[in-house]
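Okay, structure first, notes after.
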Amino acid sequence: LECLPSLYANTTFIFTDTRTAGDWLSRYGGEPERYPIRSVELNIRVPNIITEIYYPPASTNGDEGPPAVFAGRARPTLSVQHNPWQMLCDRLADLPNLQDLRIWFDSSDLRPWHKRVSETRFFGRLFDVRVPDKRRFVLGLPELPDRRGPDCQALQGHYLEGEKLENAPFTLERGPRPNNWRVHLRNIVSAGAAVQSVAGMNGNG
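What the sequence shown shows, in my numbering, is residues 5 to 209, in sequence order.
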């Protein structure tokens with residue numbers, strides 16, 4: 005037990021799921037003397053329902069709940085303030101010993117990133133996370149095209165660029181985004197092949 009603080013202080017904890025990371029930090033992040041968590045890496049790919057919650061509302065009313073397309077029995081409690089991503093960001097903001105944070109982020113949405121994600125709203129809570137050296141707090145996001153088209157009008161001013169980054173506590177890095185459509189179609193083909201294989205085995209039996 006005496007080595008626990010040293011073990012936690014010298015380990016990079018890597019997570020690929022928002023809920024798992026949030027639950028783990030809720031359990032161990034509240035005792036900084038016993039568990040001095042200093043280094044965390046997140047490789048996160050969320051379902052599009054999570055990013056859609058932060059899409060700019062059509063009006064200034066009702067900004068707390070999910071878009072109408074997601075309202076109903078399936079996700080009645082999902083909101084900007086209450087969802088796995090927001091709770092994870094809250095836990096990160098509460099870590100007093102954090103020295104190194106790397107976040108690589110994408111969504112499984114088949115639509116282009118720049119047409120559906122309000123970066124300023126979605127990553128707003130990260131501005132409250134404190135790492136002594138911003139070069140050791142890296143946020144990796146998909147690239148933004150130079151031309152974004154009229155269908156992106158609702159997201160004007162919602163991208164992390166220019167003056168939106170002036171007070172950011174992190175270093176932003178952008179890179180190519182995986183072709184989600186190709187992945188989706190490959191999964192469909194693989195699922196179809198598996199069904200045919202099972203059907204063939206049953207027929208031979």
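Where is the CB? At the ideal position from N, CA and C, for every residue including glycine.
{"Check": "Check: residue 109 C-beta below 7 Å from any heavy atom of the ligand NAD", "Outcome": "Of ligands this structure carries none, so the ligand NAD is not represented either."}
{"Check": "Candidates 142, 34, 152, 186: closest to residue 178 by CA position", "Outcome": "142"}
{"Check": "Same chain only: Cβ atoms within 6 Å of residue 215, ignoring 5 sequence neighbours per side", "Outcome": "Nothing can be reported for residue 215, as the shown portion of the chain is limited to 5 through 209."}
{"Check": "Spatial neighbours of residue 97 in its chain, beta-carbon cut-off 6 Å, leaving aside the 5 residues before and after", "Outcome": "132, 133"}
{"Check": "Range of the contiguous alpha helix (DSSP H) that encloses residue 30", "Outcome": "22 to 32"}
{"Check": "Identity of the residue in 157, 129, 108 nearest residue 172 by Cα", "Outcome": "129"}
{"Check": "Spatial neighbours of residue 26 in its chain, beta-carbon cut-off 7 Å, leaving aside the 5 residues before and after", "Outcome": "88, 91, 92, 95"}
{"Check": "Delimiting residues of the alpha helix (DSSP H) encompassing residue 10", "Outcome": "8 to 13"}
{"Check": "Proximal residues to residue 121 (C-beta, below 6 Å), its chain only, five neighbours per side dropped", "Outcome": "55"}
{"Check": "Distance between beta carbons of residue 162 and residue 61, contact taken as under 8 Å", "Outcome": "With a Cβ gap of about 12 Å, residue 61 and residue 162 do not count as contacting."}
{"Check": "Strand pairing of residue 161, partner residues [DSSP]", "Outcome": "None, per the DSSP bridge assignment."}
{"Check": "Secondary structure of residue 102, DSSP reduced to three states", "Outcome": "coil"}
{"Check": "DSSP state of residue 18 mapped onto helix, strand, coil", "Outcome": "strand"}
{"Check": "Chain-order list of residues whose beta-carbon lies under 8 Å from that of residue 76 (same chain, five-residue window excluded)", "Outcome": "Since pLDDT at residue 76 reaches only 45, below the 50 mark, its modelled position is unreliable, and no value is offered."}
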